[in-house]
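>
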Amino acid sequence: MADKMTELSPLRRILGGRAIWPLLALAAILVVAGSVSPNFFDIRIVEGRLFGNLIDILYRAVPTAMVALGMAVVIGTKGIDLSVGAIAAVSGAVIAWRIQAGDPHGIVLIYALLAAIACGVWNGALVAFLGIQPIVATLILMVSGRGIGMLINLIYGGTDPSFQSPFLQGLSTGSIFYIPTRLFVFAGLFIALWLLIRRTALGLFVEATGANAGTSNLAGVNARLITFTAYVICGLMAGWAGVILTADTHTSDPVSVALYIELDAILAVVIGGGSLAGGRIYLGMTVIGALVIQALTTATLISGLPPEYNLIIKALVVLFVLVLQSENARRGIMSKLGRKS
Amino acid sequence: MSALFNKKYLPFYATVLVFVAIFLIGGGIYKNFLSSRVFGNILADNSFIIIAAIGATFVILSGGIDLSIGSMIGFVGVCMAVLDSMGWNPLATSLVMLAFGFGFGAFQGWVIDELDIQPFIITLAGLFLLRGMCFMVTINSVPINHEWADLYSDIKVGLPGKGILRSSALVMLASLAVAIFIAHFTRFGANVYALGGDKESARLMGVNIKRTTVLVYATGGIYSALAGVVYALYTKSGYPLAGSTLELAAIASVVLGGTLLSGGVGTVAGTLFGGMILGLISTLIIFNGSLNSAWILIVSGIMLFGFIVMHRFLVGFFGIRD
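Those protein sequences? They're chains A and B, same order as listed.
Just so you know, we're using numbering that gives the first Met the number 0 here: the first sequence kicks off at 0 and counts up by one.
Just so you know, we're using numbering that gives the first Met the number 0 here: the second sequence kicks off at 0 and counts up by one.
1) Is the Cβ-Cβ distance between B:I295 and B:I307 less than 8 Å?
2) For B:G265, which of helix, strand or coil comes out of DSSP?
3) Just how far apart, CA to CA, sit B:L42 and B:A168?
4) CA-CA distance, B:I49 and A:L125?
5) Along the chain, which unbroken stretches of the alpha helix (DSSP H) at least 4 residues long are found entirely within the segment 252 to 310 of chain B?
6) Using C-beta distances below 6 Å, list every residue in its chain close to B:P118, excluding the 5 sequence neighbours before and after it, in chain order.
7) B:H183: buried (16+ other C-beta within 10 angstroms of its C-beta) or exposed?
8) Measuring CB atoms only, is the segment 180 to 197 of chain A touching the segment 52 to 69 of chain A, in the sense that at least three cross pairs come out at less than 8 Å?
9) Strictly below 9 Å CB to CB, what residues from chain A border B:A124?
10) Just how far apart, CA to CA, sit A:I270 and A:G288?
11) Could you spell out the range, first to last residue, of the alpha helix (DSSP H) harbouring B:V17?
12) Going straight from the alpha carbon of A:V254 to that of A:M149, what length do you get?
13) Quick one: which residues of the segment 260 to 294 of chain B get their C-beta closer than 8 Å to a C-beta of chain A? List them in chain order.
14) Name the chain A residues whose beta carbon is nearer than 9 Å to that of B:A131?
15) Which residue wins for smallest C-alpha separation from A:A111, given the options A:I311, A:W121, A:N122 and A:W96?
16) Just to make sure I have the definition right: I need the residues of chain B whose C-beta is within less than 9 Å of the C-beta of A:L25. Which are they?
17) Per DSSP, which residues does A:F50 bridge with? Please list them.
18) So, do the segment 186 to 197 of chain B and the segment 73 to 93 of chain B have three or more beta carbon pairs nearer to each other than 8 Å?
19) Curious, which full-length beta strand (DSSP E) runs of at least 3 residues does the segment 166 to 213 of chain B contain?
20) Which stretch, first to last residue, makes up the beta strand (DSSP E) that contains B:G157?
21) Take A:A64 as the anchor and find which of A:E46, A:L194, A:G84 and A:G51 has the nearest alpha-carbon.
22) With DSSP collapsed to three states, give me the class of B:Y238.
23) Taking Cβ positions only, does B:F134 come closer than 8 Å to chain A?
24) Using the beta-carbon of each residue, which ones in chain B are nearer than 7 Å to A:Q132?
25) At the 8 Å Cβ level, is B:R311 part of the contact set with chain A, yes or no?
26) Strictly below 9 Å CB to CB, what residues from chain A border B:V24?
27) Is there a Cβ from chain B that is less than 8 Å from the Cβ of A:I292?
28) How long is the line joining the alpha carbons of A:I116 and B:V141, rounded to whole angstroms?
29) Counting only C-beta atoms, is B:F99 closer than 8 Å to chain A at any point?
30) Between the segment 142 to 155 of chain A and chain B, which residues of the former have CB atoms less than 7 Å from a CB of the latter, in chain order?
31) Just verifying my parser: in three-state terms, what is the DSSP assignment at A:T250?
32) Do we get a CB-CB distance below 8 Å when we pair A:I74 with the residues of chain B?
33) Residues of chain A with CB under 8 Å from B:I120, in chain order?
34) Give me the residue from B:T244, B:L313 and B:L232 with the minimum Cα distance to B:T258.
35) For a test of the three-state rule: what should DSSP assign to A:P160, helix, strand or coil?
36) If we ignore side chains and look at the alpha-carbon of each, how far apart do B:F134 and B:G73 end up?
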């Protein structure tokens, strides 16, 4: 058996690779969507902005992809952050609150992100310094965070949490050179995070901590500090998603903003090949994972199926990708392939 | 006697103590709060969450997690309502739905064991799948009008004082008794604790990991389905969005009840009190009348925080895990 595994044909090496499946899934979804609706790939310019299904997929995937990038770092430490949706709700509520209070809108953005960072600090402290299991520690903020958002709305009366802000709405729904501004925001965040993870030792430390916290501590990595930092980064990314989503609807809605985004973000990381067992960060593949989820949603809507089918198709595709990624299932498929040839 | 003072049960005693304390505080603030009527209402209003949480306790004791609870409650609800409108007897529908819950849970457990994928992700797919199926069954709110459903809701048992135990509370208490029996007096129960304590040791001791995993998720599924049946009969309707995020409340009840999410430590009875603490908090805030419902979420979060830190302390101080 071991001999067979070492001399794999090129085809089987590709089939056995991690990166190929999410990309293949994305391509398959696009091809199916293209064959169902012939003008799926059309891109046109309307009111100084590019429009089309492909642009739409990128545009709508941005908030999930932002959260998923932060989640990828946390999952890299063998953690998980369930509170990202609640953090987005808090940062959205802070935007409405500070705009009503009359702050300059650039400052409002900073307040919103600081609130998100504070949430990340809370999660990070519980996990890293109190040693509470990540899923339990972040459950606390997941349960209470939307309540905190609702309370912030109450501070200024709470009757009308809507606001007008050319600056923030520009960030979310505007466009520069025909391209939606939020794509630039996302690209900026992605590059910054990539530089932080891959051009400093932080990524290595995170992966070491996730693989084995005890050993990396002995090797001189401050595992607690690294874990703490991961949750702060995740909080900040969730805050950005809250800013984009809240500015999009220009109203703070803590009850339903970014609902289930934690689940989509975790899915994006897993589809991108990250393991919940920690030790690996794949930033680029995580973005592909978020695109797979959004492409699926858009393709379902375009194909004329009732929107109710979206969740079912999502579940089935997720299962399919997971089965392909599973070592056990792959070994089963491979041994069948081997038997045939 | 010394068995009762086992340090393993410290988190459970703490949960009961906090429940009694909150109830007494409520009685101190509001006249008529400290009555069997309020107690009976808390049991009835939270019965479906507690039933689902009892099932989740098994899953969490085994070291897993089940996110599909809320969607299962919604799906069972719409099936009950739609089959009712097609003339089915609620009792027959309930049995079919319980069988479905068992089968669906068993399938989730099988996939988790066979593919060796984290339960979090598989049951997340289950959450999406069942919620999508809710919308395929119906996108409207459908009422349940059947004389058997009326008969069911007329069942009640008097408590000392003016309180009554409604049918949903009775179903919950019966399912709790069954769960306590399964957890503490059967081989399967012992296997669940062993699996959650240490999977490899359990395997070496001869626990059939696959069988236990499948049965654990099947138990979770049948309890979620029962919660859905109780919820549908209690509200006398089925609505495709019913039960959204209830998995969260169920997991929170389990944690408040003294079960460690890392598996292997905890009691089913604790979950009852965990669920009742959550119910008590919202009842108190509703009793107040002037507080915003946001406070229910925040106080629940604070309670969770307090309990989790307390467990951490108890585990570290008394070495409960050993």
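Think of the CB as a built atom: it goes at the ideal place given N, C-alpha and C, for glycine as much as any other residue.
Since this is a predicted model, take the numbers as computed values, not measurements.
A quick look at the data gives this:
1) no
2) coil
3) 6 Å
4) Cα to Cα, the separation comes out at about 27 Å.
5) 267 to 287
6) G63, I64 and I111
7) That one is exposed.
8) yes
9) L266, K313, A314, L315, V317, L318 and L321
10) 5 Å
11) The continuous alpha helix (DSSP H) containing B:V17 extends over residues L9 to I28.
12) When the Cα atoms are used, A:V254 and A:M149 turn out to be separated by approximately 8 Å.
13) When C-beta distances to chain A are compared with 8 Å, the residues of the segment 260 to 294 of chain B below that value are L260, S261, N291, S292, A293 and W294, in chain order.
14) What sits at residue 131 of chain B in the sequence shown is Gly, not Ala. Those within 9 Å of B:G131 in chain A are E307, Y308, N309, L310, I311, I312, K313 and A314.
15) Answer by Cα proximity: A:W96.
16) By Cβ distance, chain B contributes nothing, its closest Cβ being about 18 Å from A:L25, past 9 Å.
17) According to DSSP, A:F50 bridges with A:R43.
18) no
19) none
20) K155 to G157
21) A:G84
22) coil
23) yes
24) L260 and S261
25) So yes, B:R311 belongs to the interface.
26) Residue identity differs from the one stated: residue 24 of chain B is Ile in this sequence, not Val. Per Cβ cutoff of 9 Å: no residues; B:I24 is ~20 Å from chain A at best.
27) no
28) 44 Å
29) In terms of beta-carbon proximity, B:F99 stays away from the interface with chain A, with every pair separated by 8 Å or more.
30) V142, S143, R145, G146, I147, M149, L150 and L153
31) Strand at A:T250.
32) no
33) Result: I265, L266, V269, L275, V317 and L321.
34) Comparing C-alpha distances from B:T258 to each of B:T244, B:L313 and B:L232 shows the shortest one belongs to B:L313.
35) coil
36) Whole-angstrom Cα-Cα distance: 10 Å.
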